[in-house]
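Trainee: According to this note's numbering, the residues represented by the sequence shown are 368 to 525, in order.
Note that CB positions come from ideal geometry on N, CA and C, so glycine has one too.
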Amino acid sequence: MQSGSTPNSISTLDEIDQDIINLLRIDGRMSFTEIGKRLNMPEATARYRVQRLLQSGIVQVLAWPNLEKLGTPHVLIVSLIVENSYIDSVAKALEQMVEVRFVAITTGHYDIIADVFFGSYTEVTSFFEKLKQIPGIVRHDSHFILKLLKAEYKYTLS
368 MQSGSTPNSI
378 STLDEIDQDI
388 INLLRIDGRM
398 SFTEIGKRLN
408 MPEATARYRV
418 QRLLQSGIVQ
428 VLAWPNLEKL
438 GTPHVLIVSL
448 IVENSYIDSV
458 AKALEQMVEV
468 RFVAITTGHY
478 DIIADVFFGS
488 YTEVTSFFEK
498 LKQIPGIVRH
508 DSHFILKLLK
518 AEYKYTLS
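1. Given 8 Å as the limit, is there contact between the segment 479-490 and the segment 423-431, that is, 3 or more CB pairs closer than that?
2. Could you please give me the residues that DSSP links to Ile512 through a beta bridge?
3. Can you tell me whether Ser452 is helix, strand or coil according to DSSP?
4. Just to confirm the assignment, what range does the beta strand (DSSP E) spanning Asp384 have?
5. Closer than 8 Å is the cut-off here; do at least three beta carbon pairs connect the segment 450-466 with the segment 506-514?
6. What do you reckon, are the CB atoms on Leu437 and Ile387 nearer than 9 Å?
7. Measuring straight from C-alpha to C-alpha, what distance separates Ile444 and Arg392?
8. Is Ser446 helix, strand or coil when you go by DSSP?
9. Thinking C-alpha only, which one of Asp478, Val467, Pro409, Trp431 is nearest Arg396?
10. Which residue marks the beginning of the alpha helix (DSSP H) containing Arg396, and which one marks its end?
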């Protein structure tokens, strides 16, 4: 066994692991029995492999909520140009905001992209007031999502 590895650690994915991940991308609640049937393996093997993928951190289970039904129907994408020495601190400040659900440091014209979720336009105003207080932001552009056409996380591993 390699140094630092545990009996359940995974160093590489074999074809069966990839097939299991692809099935779970389509239906994250698929039963071990159904996975076993589709991949022609015993339920116990499917259970073991899924649990191993979960424990290793390779697979995470999440629910994608309907934001409108939860009262946060407004989504804003904020693109920021930041002074180089402030990029990490600005990203960290955004991470701490409860309304910010996604933050990424990027290449290209913008240094940071963030997705921000709101229940009302009053919350939008409050967010921009907080944004003004963060040092290092040179400029930001904001884009409201008017109509979400695709938000899919069901892609296959190759």
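Mentor: This is what the structure gives:
1. Proximity of the segment 479-490 to the segment 423-431 falls short of the contact definition, fewer than three beta-carbon pairs being nearer than 8 Å.
2. For the purposes of this step, residue 512 is taken as residue 145 along the sequence shown, with counting starting at 1. DSSP lists no partner for Ile512.
3. Here residue 452 refers to the residue found at position 85 when the sequence shown is read from its first residue. Helix at Ser452.
4. Within the sequence shown, numbered from 1, the residue matching residue 384 stands at position 17. Annotation for Asp384: no beta strand (DSSP E) segment contains it, though the alpha helix (DSSP H) segment containing it runs 382-393.
5. Contact between the segment 450-466 and the segment 506-514 is absent, because fewer than three Cβ pairs lie under 8 Å.
6. For the purposes of this step, residue 437 is taken as the residue at position 70 of the sequence shown. For the purposes of this step, residue 387 is taken as the residue at position 20 of the sequence shown. No, they are not a contact pair.
7. Taking the first residue of the sequence shown as 1, we reach residue 444 at position 77. Taking the first residue of the sequence shown as 1, we reach residue 392 at position 25. For the pair Ile444 and Arg392, the Cα-to-Cα distance works out to about 25 Å.
8. Residue mapping note: residue 446 aligns to position 79 of the sequence shown, counting from 1. The answer is strand: DSSP assigns Ser446 an E or B state.
9. The count along the sequence shown starts at 1 and reaches residue 396 at position 29. Sorting Asp478, Val467, Pro409, Trp431 by C-alpha distance to the C-alpha of Arg396 places Trp431 at the top.
10. Looking up residue 396 in the sequence shown gives position 29. Note, Arg396: premise wrong, no alpha helix (DSSP H); not H, not E.
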